[in-house]
């Protein structure tokens with residue numbers, strides 16, 4: 001039976017590091033694994049990062065679902081309700097990023113409460129250290145603009 | 150016989166508009182069309198836009214090839230040699246963007262010189278007018294950063 005891997009994120013400014021992380025997440029599910037990605041709502045991004053995303057949630061979702069590695073991309077819930085997500089997606093594995101401590105805690109809590117056979121795995125960060133997060137990319141863009149004009 | 154559609158671009162900051170344009174390009178080839186995308190070299194981007202891309206050419210290429218709609222992504226030639234690209238890819242159709250007049254001219258010249266049966270089609274620009282080009286996205290990022298901090 002192919003395994004379902006669940007992962008999540010804002011995915012605002014997409015870069016090659018995202019592809020590598022999504023591939024790494026999917027690999028945890030073994031052959032023929034299915035990768036489901038939860039896209040953070042605009043309201044959730046605003047609350048957590050104190051600013052709105054560059055791209056609206058529908059476009060962020062559609063872009064992630066347009067990737068070969070992704071089988072399905074779904075919008076999250078505004079209160080990041082992990083129990084509802086787990087019930088809906090029925091994952092075998094939840095893959096959390098290096099900066100997703102809150103999500104890991106919520107996943108652990110939901111799994112424990114219902115005694116679910118779900119494995120949590122950590123996925124790493126990728127590559128060029130100055131281009132591995134949207135915030136850093138934004139800073140680089142600003143710096144590039146400053147030095148050019 | 151499935152048709153091969155060729156298109157090209159820098160694809161530095163990927164957004165949903167790119168997906169729509171690539172889908173539009175591929176649709177011109179009809180059922181089972183193959184979409185080949187030429188990714189502009191870092192040197193070409195520097196020369197044309199007077200600044201380097203945010204992401205290096207290998208990452209820009211890999212990200213485009215990671216899209217479901219794309220069958221193959223290849224790095225371009227530093228002198229944007231359209232005749233060589235055509236010889237290599239053997240497209241039935243070349244799709245050019247609304248801002249790709251230079252590429253259209255070069256394609257027309259190469260097609261005429263060798264009397265090739267290649268059709269050139271124009272593809273549109275997509276959606277939200279403030280988010281349909283990398284330059285506009287960069288400006289929005291800078292504005293967002295200014296108003297947040």
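Protein chains in written order, with our numbering: chain A, 1 to 149; chain B, 150 to 298.
Heads up, the beta-carbon is just placed ideally off N, CA and C, and yes, glycines get one too.
Look up residue 4 of chain A in the DSSP assignment and give the residues it is bridged to.
Assignment of beta-bridge partners to residue 4 of chain A by DSSP yields A:34.
Under 8 Å between C-beta atoms, does residue 46 of chain A make it to chain B?
no
Straight-line CA distance for residue 54 of chain A to residue 162 of chain B?
So the alpha carbons of these two residues sit roughly 12 Å apart.
Do we get a CB-CB distance below 8 Å when we pair residue 11 of chain A with the residues of chain B?
no
Using C-beta distances below 6 Å, list every residue in its chain close to residue 260 of chain B, excluding the 5 sequence neighbours before and after it, in chain order.
267
Skipping 5 residues on each side, what residues in its chain have a beta carbon closer than 8 Å to that of residue 84 of chain A?
Closer than 8 Å at Cβ, skipping near neighbours: 77.
Expected contact under 8 Å - CB spacing of residue 303 of chain B and residue 213 of chain B to nearest Å
The structure shown does not extend to residue 303 of chain B, since chain B is modelled only from 150 through 298, so no value can be given for it.
Below 8 Å on C-beta distance, what does residue 119 of chain A contact in chain B?
Correct list: empty, because the minimum Cβ distance to chain B is about 26 Å.
Same chain only: Cβ atoms within 6 Å of residue 297 of chain B, ignoring 5 sequence neighbours per side
Summary for residue 297 of chain B: the model assigns pLDDT 45, below 50, so the residue's position carries little reliability, and this model does not support an answer.
Considering only the beta carbon of each residue, do residue 125 of chain A and residue 98 of chain A sit closer than 8 Å?
yes
What are the complete beta strand (DSSP E) segments, minimum 3 residues, inside the region 227-262 of chain B?
With a minimum length of 3 residues, the continuous beta strand (DSSP E) runs that stay inside the region 227-262 of chain B are 242-245.
Neighbourhood of residue 253 of chain B by C-beta distance below 6 Å, restricted to the same chain and skipping five residues each side:
245
Start and end residues, beta strand (DSSP E) containing residue 26 of chain A
Run containing residue 26 of chain A: none in the beta strand (DSSP E); it sits in the alpha helix (DSSP H), 16-27.
Please state whether DSSP places residue 211 of chain B in a helix, a strand or coil.
Under the three-state reduction of DSSP, residue 211 of chain B is assigned to helix.
If we call anything under 8 Å between Cβ atoms a contact, is residue 107 of chain A one with residue 123 of chain A?
no
Going along chain A, which residues have a C-beta under 7 Å from residue 249 of chain B?
From the beta-carbon of residue 249 of chain B, no residue of chain A is found nearer than 7 Å; the closest lies around 22 Å away.
Could you tell me the alpha carbon to alpha carbon distance between residue 48 of chain A and residue 42 of chain A, rounded to whole angstroms?
10 Å
Give the residues of chain A in contact with residue 163 of chain B, contact being defined as C-beta atoms less than 9 Å apart.
Near residue 163 of chain B (Cβ distances below 9 Å), the residues of chain A are 13, 14, 15, 63.
Given that a residue counts as buried once 16 or more other Cβ atoms are within 10 Å of its Cβ, and exposed if not, what is residue 82 of chain A?
buried
By a C-beta neighbour count over all protein chains shown, 10 Å radius and 16 as the cutoff for buried, is residue 175 of chain B buried or exposed?
buried
Beta carbon proximity, residue 35 of chain A to chain B, threshold 8 Å:
no
Endpoints, beta strand (DSSP E) assigned at residue 121 of chain A
119-122
Buried or exposed: residue 250 of chain B, going by 16 or more other Cβ atoms within 10 Å of its Cβ?
Looking at its Cβ environment, which holds fewer than 16 other Cβ atoms inside 10 Å, residue 250 of chain B is exposed.
Among A:91, A:72, A:10, which one has its Cα closest to the Cα of residue 56 of chain A?
A:10
Please state whether DSSP places residue 148 of chain A in a helix, a strand or coil.
Here the model assigns residue 148 of chain A a pLDDT of 45, short of 50, so the residue's position is not dependable, and the following value carries that caveat. In this structure, residue 148 of chain A counts as helix in the three-state DSSP scheme.
Residues that residue 69 of chain A contacts on chain B, provided the C-beta gap is smaller than 8 Å:
215
With a threshold of 8 Å on Cβ separation, who are the neighbours of residue 109 of chain A within its own chain once the five nearest residues in sequence on each side are excluded?
82
Should residue 2 of chain A be labelled buried (16 or more other beta-carbon atoms within 10 Å of its own) or exposed?
exposed
Is the Cβ of residue 19 of chain A closer than 8 Å to any Cβ of chain B?
yes
Sub-8 Å separation of residue 6 of chain A and residue 89 of chain A beta-carbons
yes
Could you compute how far the alpha carbon of residue 265 of chain B sits from the alpha carbon of residue 172 of chain B?
If you take the alpha carbons of residue 265 of chain B and residue 172 of chain B, they lie about 24 Å apart.
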